[in-house]
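K.L.:
Those letters in the sequence shown? Residues 1 to 115, per my numbering, in order.
Every residue gets a Cβ at the ideal spot worked out from N, C-alpha and C, and that includes glycine.
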Amino acid sequence: QVQLVESGGGLVQPGGSLRLSCVGSVSIRSINFMAWFRQAPGKERELVAFITTGGDTNYADSVKGRFAISRDRDKNTMSLQMNSLKPEDTAVYYCHGNKYGMIYWGKGTLVTVSS
Numbered sequence: 001q002v003q004l005v006e007s008g009g010g011l012v013q014p015g016g017s018l019r020l021s022c023v024g025s026v027s028i029r030s031i032n033f034m035a036w037f038r039q040a041p042g043k044e045r046e047l048v049a050f051i052t053t054g055g056d057t058n059y060a061d062s063v064k065g066r067f068a069i070s071r072d073r074d075k076n077t078m079s080l081q082m083n084s085l086k087p088e089d090t091a092v093y094y095c096h097g098n099k100y101g102m103i104y105w106g107k108g109t110l111v112t113v114s115s
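(1) Using a 10 Å radius around the Cβ and a threshold of 16 neighbouring Cβ atoms, would you call Met102 buried or exposed?
(2) Report the three-state DSSP secondary structure of Asp89 (helix, strand or coil).
(3) Using a Cβ-Cβ cutoff of less than 6 Å, which residues in the same chain neighbour Leu85 once the five nearest sequence positions on both sides are dropped?
(4) Do you know whose CA, among Gly8, Asp89, Gly108, Leu20, lies nearest Ser62's CA?
(5) Look at the alpha carbon of Arg29 and the alpha carbon of Asn76, and state the distance between them as a whole number of angstroms.
(6) Here's the rule I'm using: 16 or more other beta-carbon atoms within 10 Å means buried, otherwise exposed. How should Val48 be labelled?
(7) Taking Ser84 as part of the beta strand (DSSP E), name the residues at either end of that continuous run.
(8) Mind reading off the beta-carbon distance from Ser79 to Arg38? Whole number of angstroms is fine, and I expect it under 8 Å.
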């Protein structure tokens, strides 16, 4: 069983930056699909970005050009660099892994963008 733990959330002003990290309790090298989701108050959880073991990435239109997903297998982490943050980016951000149908979720980290 893989446990995923997020960190790096917090309060930031519009236009600011944050870097989220997701650490696996065991190696995440074999998790072929890893992603960040987010859920804003009163809204459904949505996919923000994903990255495969091959390094392919994809982003939601709302964050393209502002967010960057990466994974460091040596450090067993996945990260999300968030720049030019907007109030509408406020949400709980979740780390997600899919290993050939085995689904893993972190408990989430809150990001609040407000002046």
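P.N.:
In this structure, then:
(1) exposed
(2) helix
(3) Val12, Gly16, Val113
(4) Asp89
(5) 7 Å
(6) buried
(7) Here Ser84 belongs to no beta strand (DSSP E), and DSSP marks it neither H nor E.
(8) In fact, because the Cβ distance is near 15 Å, the residues do not count as touching under 8 Å.
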